[in-house]
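Engineer: 504 is the number of the first residue of the sequence shown in my numbering; add one for each residue after it. Using N, Cα and C, we set each Cβ at its ideal position, and we do this for glycine too. Submitted below is the structure of interest, expressed as structure tokens.
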Amino acid sequence: MTTVRLVAGKGGVGKTTVASALALHAVQRGERVLLLSTDPTGALGQIFPGVSDELGEVTPGLFAVELTRRAVLARWRERFGEEIYQVISALLPVERDILEYIEGVPGLEEEFLLSYLLDELDSGRYDRIIWDSAPTAGTLALLEAQTLFYDHLTQAHRIYLRLHGYMSGADPTALIEGWRELTGRILEMLRARTRAWVVAQPERLPVVQGLELMDALERFGIGLERAVLNRVLPREACPDCAFYRAKLTQQRSWVESWRRESPVPVRELPELEKNPLNPGDLLELARILEDGEDGDPYA
Ligand SMILES: Nc1ncnc2c1ncn2[C@@H]1O[C@H](COP(=O)(O)OP(=O)(O)OP(=O)(O)O)[C@@H](O)[C@H]1O
Ligand SMILES: [Mg+2]
Numbered sequence: 504m505t506t507v508r509l510v511a512g513k514g515g516v517g518k519t520t521v522a523s524a525l526a527l528h529a530v531q532r533g534e535r536v537l538l539l540s541t542d543p544t545g546a547l548g549q550i551f552p553g554v555s556d557e558l559g560e561v562t563p564g565l566f567a568v569e570l571t572r573r574a575v576l577a578r579w580r581e582r583f584g585e586e587i588y589q590v591i592s593a594l595l596p597v598e599r600d601i602l603e604y605i606e607g608v609p610g611l612e613e614e615f616l617l618s619y620l621l622d623e624l625d626s627g628r629y630d631r632i633i634w635d636s637a638p639t640a641g642t643l644a645l646l647e648a649q650t651l652f653y654d655h656l657t658q659a660h661r662i663y664l665r666l667h668g669y670m671s672g673a674d675p676t677a678l679i680e681g682w683r684e685l686t687g688r689i690l691e692m693l694r695a696r697t698r699a700w701v702v703a704q705p706e707r708l709p710v711v712q713g714l715e716l717m718d719a720l721e722r723f724g725i726g727l728e729r730a731v732l733n734r735v736l737p738r739e740a741c742p743d744c745a746f747y748r749a750k751l752t753q754q755r756s757w758v759e760s761w762r763r764e765s766p767v768p769v770r771e772l773p774e775l776e777k778n779p780l781n782p783g784d785l786l787e788l789a790r791i792l793e794d795g796e797d798g799d800p801y802a
């Protein structure tokens with residue numbers, strides 16, 4: 504069964520780098536892979552030029568898409584717009600632009616972002632999906648919105664069932680039930696088929712927030728797979744340099760906190776001389792991520 508790897512963490516820690524490395528590695532193993540970004544300021548294009556909000560094959564076997572609000576809401580309109588308009592216009596004297604207001608409903612955009620992911624997962628086209636997510640707060644809001652949306656739809660469904668006898672013609676209950684069912688399937692996908700790789704750097708905030716994120720994901724019901732510490736300074740780079748040694752000492756304490764407190768195996772990636780943007784460098788990182796020993800950056 505295809506599963507989703509969610510790559511999450513604070514802004515700038517290396518989520519896109521890790522997600523791309525994992526994706527390339529899986530392609531090299533012969534898998535068909537979808538690399539999907541839900542970061543509104545996603546930067547997959549840095550690594551795979553030509554990635555856009557239209558799903559496309561960026562190298563043989565690797566499909567990629569950067570979901571934007573515009574693309575997601577366009578799909579939403581296509582799928583539900585007309586039905587919603589019919590229901591509302593049977594009750595109230597409204598024009599089609601009512602849909603623009605509805606698009607602003609909290610949770611709706613998130614719902615459709617995740618329904619895109621669910622459709623791709625159910626399509627059977629991929630052996631693996633790698634999900635490059637927005638920085639911590641955005642991802643947690645996205646997940647939180649699902650449970651709120653689900654509760655809200657359950658309430659709405661009950662209210663409409665009670666009102667049913669008073670309404671003539673329009674019947675929103677089927678629509679609401681359809682959404683509730685969709686949201687239920689999304690929650691199921693997140694809890695049963697998604698595993699998280701949480702990324703941090705050996706500094707105070709990324710470590711603290713990364714540990715909090717692991718906690719929040721587990722509470723939500725998303726299983727954790729790996730705790731990645733990126734940009735760990737190599738010990739031998741500049742033994743006579745006081746500044747570098749001070750930096751190393753500081754990093755050490757955060758490396759230790761991460762190792763001590765992560766509930767899942769740790770992978771450490773070294774700070775590289777240049778940004779790992781080409782497939783060779785990314786595959787090198789992937790080798791550590793996939794096959795490395797717990798905590799050993801040079802395995
Ligand atoms: N191990 C590394 N060594 C050197 N540079 C790195 C390393 N890992 C990542 N970088 C560079 O750091 C920058 C940020 O990485 P990346 O874009 O993967 O982070 P991100 O978590 O996806 O950021 P955002 O939160 O903005 O999406 C990029 O320029 C990337 O090439
Ligand atoms: Mg990114």
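1. When you compare only the Cα positions, how much space is there between G512 and Q589?
2. Go through its chain and collect everything with a Cβ distance to L646's Cβ below 6 Å, but skip five positions before and after it.
3. Quick one: Cα of S760 to Cα of V710, how far?
4. DSSP state of T550, grouped into three classes?
5. Under a three-way DSSP split, which group does D630 fall into?
6. For V767, which residues in the same chain have their Cβ closer than 7 Å to its Cβ, ignoring the five residues on either side in sequence?
7. What would DSSP say about P773, mapped onto helix, strand or coil?
8. In this structure, what does DSSP give as the bridge partners for V767?
9. Kindly list the residues whose CB is nearer than 7 Å to the CB of L716, restricted to its own chain and excluding five residues on each side of it in sequence; keep chain order.
10. Return the chain-ordered list of same chain residues with a C-beta closer than 6 Å to the C-beta of L714, the five sequence neighbours on each side being excluded.
11. Would L595 be called buried (16 or more neighbouring beta carbons within 10 Å of its own) or exposed?
12. Report the residue ranges of all alpha helix (DSSP H) runs contained in full by the segment 559-594; include only those spanning at least 4 residues, in chain order.
13. Could you name the residues of the same chain whose beta carbon sits closer than 6 Å to that of E606, not counting the 5 residues immediately before and after it, in chain order?
14. Can you name the start and end residues of the alpha helix (DSSP H) that E612 belongs to?
15. Can you confirm whether the segment 614-623 touches the segment 512-527 when touching is taken to mean that 3 or more C-beta pairs between the two stretches lie within less than 8 Å?
16. Kindly give me the distance between the Cβ atoms of R696 and T506, rounded to whole angstroms, as I take these residues to be in contact under 8 Å.
17. Sort G584, L617, L616, A593 by Cα distance to Y604 and report the nearest one.
18. Quickly, what does DSSP pair D635 with across the bridge? List them, please.
19. Would you be able to state if there are at least three C-beta pairs under 8 Å between the segment 784-796 and the segment 738-754?
20. According to DSSP, is V701 part of a helix, a strand, or is it coil?
21. So, are the CB atoms of A546 and T519 less than 8 Å apart?
22. Alpha carbon to alpha carbon, how far is V516 from P552?
23. According to DSSP, is S523 part of a helix, a strand, or is it coil?
24. If you reduce the DSSP assignment to three classes, tell me which class A802 lands in.
25. Quick one: using the 10 Å Cβ neighbour count with 16 as the cut-off for buried, is M504 buried or exposed?
Structural biologist: Answer, in terms of the structure:
1. 41 Å
2. When the five nearest sequence neighbours on each side are left out, the beta carbons in the same chain lying within less than 6 Å of the beta carbon of L646 are those of F723, in order along the chain.
3. 8 Å
4. It is Ile, not Thr, that sits at residue 550 in the sequence shown. Per DSSP, reduced to three states, the secondary structure at I550 is helical.
5. coil
6. L727, E728, R729, A730
7. strand
8. None; V767 has no bridge partner.
9. A511, G512, T639, V701
10. For L714, where only same-chain residues beyond five positions count, the Cβ hits under 6 Å are E764.
11. exposed
12. With a minimum length of 4 residues, the continuous alpha helix (DSSP H) runs that stay inside the segment 559-594 are 572-579, 585-594.
13. L576
14. 611-625
15. At 8 Å Cβ cutoff, the stretches do not touch.
16. 5 Å
17. G584
18. In the DSSP output, where bridge partners are listed per residue, D635 has V510, S540.
19. no
20. strand
21. yes
22. C-alpha separation (whole angstroms): 21 Å.
23. helix
24. Its pLDDT being 38, under 50, A802 is placed unreliably in this model, and the value from its coordinates should be taken loosely. Looking at A802 - three-state DSSP - the assignment turns out to be coil, as it is neither helix nor strand.
25. exposed
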